[in-house]
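Remarks on the structure that follows.
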Amino acid sequence: MGASNCKPCRKKKKTFSGGSILDRVISQASNQDQCLLYKLANYKKGGELIEAYNQGGTIEVEKLIREQFGQLMYQEGKGQIINRSEYLRWKFRDHEQVTLPIEASLSRYDPLGKWEDHEACWEMQYRGSLGETLLHVLIICDTKIHTRLARTLIKCFPKLALDVVEGEEYLGASALHLAIAYNNNELVQDLVEAGANVNQRAVGSFFLPRDQQRPKPAKHTEYEGLAYLGEYPLAWAACCANESVYNLLLDSGANPDYQDNFGNMILHMVVVCDKLDMFGYALRHPKLPASNGIVNKAGLTPLTLACKLGRAEVFREMLELSAKEFWRYSNITCSAYTLNALDTLLPDGSTNWNSALFIILNGTKEEHLDMLDGGIIQRLLEEKWKTFARNQFLKRLLILVVHLIFLSLAAYVAEVGTILGVLSYVIFQQGDEIRNQGLWTFLRQQSNSPPKTIFLISNLLILCCIPCRLSEDRNTEEAILLFAVPGSWFLLMFFAGAVRLTGPFVTMIYSMITGDMLTFGIIYTIVLFGFSQSFFFLYKGFPGVNSTLYYSYPTTWMALFQITLGNYDYQELGSTTYPAVAKTVFALFMVFVPILLLNMLIAMMGNTYAHVIEQSEKEWVKQWAKIVIALERAIPQSDAHHYLQEYSISLGGGDDPSTGSEVLWSLNQKVKRELNNAREQLQIGMVTNIFT
1 MGASNCKPCR
11 KKKKTFSGGS
21 ILDRVISQAS
31 NQDQCLLYKL
41 ANYKKGGELI
51 EAYNQGGTIE
61 VEKLIREQFG
71 QLMYQEGKGQ
81 IINRSEYLRW
91 KFRDHEQVTL
101 PIEASLSRYD
111 PLGKWEDHEA
121 CWEMQYRGSL
131 GETLLHVLII
141 CDTKIHTRLA
151 RTLIKCFPKL
161 ALDVVEGEEY
171 LGASALHLAI
181 AYNNNELVQD
191 LVEAGANVNQ
201 RAVGSFFLPR
211 DQQRPKPAKH
221 TEYEGLAYLG
231 EYPLAWAACC
241 ANESVYNLLL
251 DSGANPDYQD
261 NFGNMILHMV
271 VVCDKLDMFG
281 YALRHPKLPA
291 SNGIVNKAGL
301 TPLTLACKLG
311 RAEVFREMLE
321 LSAKEFWRYS
331 NITCSAYTLN
341 ALDTLLPDGS
351 TNWNSALFII
361 LNGTKEEHLD
371 MLDGGIIQRL
381 LEEKWKTFAR
391 NQFLKRLLIL
401 VVHLIFLSLA
411 AYVAEVGTIL
421 GVLSYVIFQQ
431 GDEIRNQGLW
441 TFLRQQSNSP
451 PKTIFLISNL
461 LILCCIPCRL
471 SEDRNTEEAI
481 LLFAVPGSWF
491 LLMFFAGAVR
501 LTGPFVTMIY
511 SMITGDMLTF
521 GIIYTIVLFG
531 FSQSFFFLYK
541 GFPGVNSTLY
551 YSYPTTWMAL
561 FQITLGNYDY
571 QELGSTTYPA
581 VAKTVFALFM
591 VFVPILLLNM
601 LIAMMGNTYA
611 HVIEQSEKEW
621 VKQWAKIVIA
631 LERAIPQSDA
641 HHYLQEYSIS
651 LGGGDDPSTG
661 SEVLWSLNQK
671 VKRELNNARE
681 QLQIGMVTNI
691 FT
């Protein structure tokens with residue numbers, strides 16, 4: 001069992017896939033038994049160490065470890081600092097000649113790219129194909145026997161607690177990480193007592209979010225991944241909801257505010273892993289509470305991260321934990337909620353693009369709809385509506401109605417009025433929005449409001465009619481107006497979205513156009529282009545081809561569109577050069593398009609209708625909320641600051657007006673319902689007491 005019997009560990013190419021660490025490790029190369037480490041213990045839960053335990057028990061194994069295992073470690077188990085050379089000798093152990101890579105050519109996962117000399121105990125030349133030690137193998141196998149062997153190994157050589165996996169896939173994973181992952185609290189205790197680094201970071205590619213494991217990682221990560229647990233052992237304990245280990249690590253010097261490579265600390269990680277109970281535990285820990293409000297590299301606090309990921313329950317819990325209670329009477333509470341991370345307005349009136357409200361409105365999950373339904377978010381929107389949005393809404397609706405009246409009468413008496421209305425909208429109203437938001441932000445907001453975009457384009461088209469009128473180009477002017485006039489009326493859809501009766505149907509129209517119609521349009525266009533060529537050549541020999549729409553390729557495309565709607569002359573097919581072929585192609589087209597594609601479109605629209613109508617109330621709230629925010633974006637910053645002061649209360653927060661503390665009062669929603677019920681009962685003469 002000496003070092004002289006060791007054969008090199010053969011390294012096999014690894015690929016990214018989901019699953020637990022145990023599943024990934026067991027699927028390694030089949031020739032692992034050629035390495036001394038895997039002769040001692042392997043991932044099939046066998047090995048000479050297991051055999052020795054079965055024959056002589058813990059005493060025999062401890063004797064064996066003390067007598068023979070020291071030669072497999074640096075300085076007989078005392079450990080030493082290892083450098084790049086040690087790592088390179090292990091990495092290229094199977095190569096007779098090696099061309100060392102320069103730093104610029106390294107992959108972003110390569111340990112050499114972020115190498116720091118560190119202390120290790122188990123020699124690199126005796127490590128496994130992943131860069132793991134015997135202790136790591138024993139923990140991963142996760143049986144009672146392997147746990148006893150691991151504890152015995154730590155007892156004999158405490159320095160092994162410092163060893164980490166050195167391979168790029170699991171880089172930085174220590175025995176402490178693995179013990180936490182397998183919920184082995186006794187082993188965690190032994191490792192901490194042996195001096196394990198409680199701030200060791202597991203940064204291997206396997207521990208990254210799924211969208212960061214690709215050759216070209218996503219620019220904006222969703223933080224989703226089976227093994228993304230936050231790098232630090234404390235974060236792993238929180239993500240595994242292990243309170244006892246969490247307390248132990250805090251007592252041993254761990255810090256809940258340490259951030260990983262994505263800027264996420266403990267509270268971010270419990271949001272990512274959706275651990276509701278652990279959030280409150282970490283935030284209000286009696287020894288070292290985690291700091292709330294720290295932003296990660298994406299500019300997200302734990303609260304806004306919960307909004308981004310659609311963690312509705314965690315979001316509500318975070319709001320309640322962060323609320324400031326001012327008074328309580330029985331089960332009635334009056335609380336204030338800080339608006340800095342919630343509201344779209346900062347205390348100085350500027351826009352908070354990373355606010356919870358913005359993120360919720362841009363979300364696409366059903367959980368985002370739940371966040372708008374009731375609670376402080378709906379209360380905030382109602383306060384905005386009462387304070388300024390309702391008046392802005394009615395004022396703009398009145399202006400639009402007047403503009404449409406002038407536009408309808410423009411050909412007779414109101415041409416000047418129409419032009420003045422268009423100029424005032426484009427120059428003053430849209431100009432103010434660009435000045436308030438900036439050009440890039442204005443353009444980004446237009447993409448979120450199709451009716452406003454269409455109306456703006458229509459106004460610009462109307463202005464384009466002025467040169468046509470001056471040059472007496474009546475045909476061009478009328479052609480432009482054919483598009484401009486319907487587009488001007490389309491802005492009424494924007495206002496219809498704020499009405500409870502029509503709001504869900506406006507949402508349906510948007511969903512069908514951007515989802516069902518877009519998908520259908522792509523497939524339909526491909527089919528039409530293919531069949532257009534067939535019909536164009538089939539009609540080339542037709543005697544009266546010039547009197548039909550098949551005389552050119554573009555008009556043939558339009559003819560097929562009419563056939564889709566049922567407008568065709570079947571008798572013409574018999575007069576073509578190849579009537580049998582023409583009728584066959586016609587039959588195929590009718591099967592593909594009117595029968596198959598159109599019915600698929602109808603079915604897709606039916607599903608969209610059923611989904612929207614099922615969530616009609618929530619969808620309307622979302623549409624109404626978007627209108628409130630759109631109206632808010634159109635007002636100057638000074639006015640926004642004034643309105644903010646009206647619907648909130650300033651508690652002060654320092655000299656910087658952009659970071660002040662604004663709060664919104666709220667009564668417990670359950671209590672509100674109880675109060676309403678009591679009021680109804682009192683009105684009919686019933687005397688009840690709900691405050692028991």
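The opening position of the sequence shown corresponds to residue 1 in the UniProt record's numbering, with each subsequent residue numbered one higher.
For each residue, glycine too, the CB sits at the ideal point set by N, CA and C.
Predicted model only: the values in this text are computed from it and were never measured.
- By alpha-carbon distance to Y524, the top candidate from N391, L36, L598, T576 is L598.
- Here DSSP, grouped into helix, strand and coil, assigns T143 to coil.
- If you compare the alpha carbons of H611, I81, V593 with that of F561, the shortest gap goes to V593.
- Around Y74, the same chain offers Q80, A120, C121, E123 as residues with beta carbons nearer than 7 Å, after the five sequence neighbours per side are excluded.
- Given a length threshold of 4 residues, each whole run of the alpha helix (DSSP H) inside the stretch 343–414 is given here in chain order: 356–362, 366–372, 375–384, 390–408.
- Note: V164 is bridge-paired with S174 in the DSSP secondary-structure output.
- Contact annotation: the stretch 233–241 touches the stretch 178–190, with at least three C-beta pairs closer than 8 Å.
- A straight line joining the alpha-carbon of F157 with that of K45 spans about 22 Å.
- In the assembly as shown, F326 is an exposed residue. Its beta-carbon has fewer than 16 other beta-carbons within 10 Å.
- W557 has its alpha-carbon roughly 51 Å from the corresponding atom of F388.
- Between the alpha carbons of L249 and L153 lies a gap of roughly 22 Å.
- With respect to G253, V203 sits apart: the two C-beta atoms are not nearer than 7 Å.
- Rounded to whole angstroms, M517 and N448 show a C-alpha spacing of 18 Å.
- Below 8 Å, enough C-beta pairs join the stretch 619–633 and the stretch 427–446 to call them touching: three or more.
- Look at S291 here: in three-state DSSP terms it is coil, with no helix or strand label.
- Residue state for I332 is assigned as strand, using DSSP reduced to three classes.
- The shortest CA-to-CA distance from E313 to any of K275, S322, V295, D343 is the one to K275.
- Three or more Cβ pairs drawn from the stretch 133–151 and the stretch 46–63 lie within less than 8 Å of each other, which places the two stretches in contact.
- CA-to-CA, the gap between I376 and T364 works out to about 20 Å.
- Using a Cβ distance threshold of 7 Å, L381 and A640 do not count as a contacting pair.
- Secondary structure of C35 (DSSP, three-state): strand.
- Out of T351, I50, F494, M269, the CA that lies nearest to the CA of K144 is found in I50.
- In this model, F505 and D373 are separated by some 19 Å (Cα to Cα).
- A direct Cα-Cα distance of roughly 39 Å separates V422 from L528.
- In this structure, the beta-carbon distance from I359 to T418 does not fall below 7 Å.
- Inter-residue distance for D370 and K618 is about 7 Å (C-alpha atoms, whole angstroms).
- In summary, W90 is buried, with 16 or more beta-carbon neighbours lying within 10 Å of its beta-carbon over all protein chains present.
- Taking all protein chains shown into account, A218 has fewer than 16 neighbouring C-beta atoms within 10 Å of its C-beta and is therefore exposed.
- Counting only residues of its own chain and dropping the five nearest sequence neighbours on each side, K452 has a CB closer than 8 Å to the CB of Q446, L491, F494, A630.
- By the Cβ test, the stretch 475–487 is not in contact with the stretch 600–608, since fewer than three Cβ pairs between them sit closer than 8 Å.
- For I140, the closest alpha carbon among the candidates D260, K155, Q392, L178 is that of L178.
- Rounded to whole angstroms, A298 and F262 show a C-alpha spacing of 8 Å.
- When the Cα atoms are used, S424 and F393 turn out to be separated by approximately 17 Å.
- Between L176 and L191, the beta carbon gap of about 5 Å places them in contact (Cβ cut-off 8 Å).
- For the 7 Å CB-CB criterion, N352 and L346 form a contact.
- Excluding its 5 nearest sequence neighbours in each direction, G574 has no C-beta neighbour in its own chain below 7 Å.
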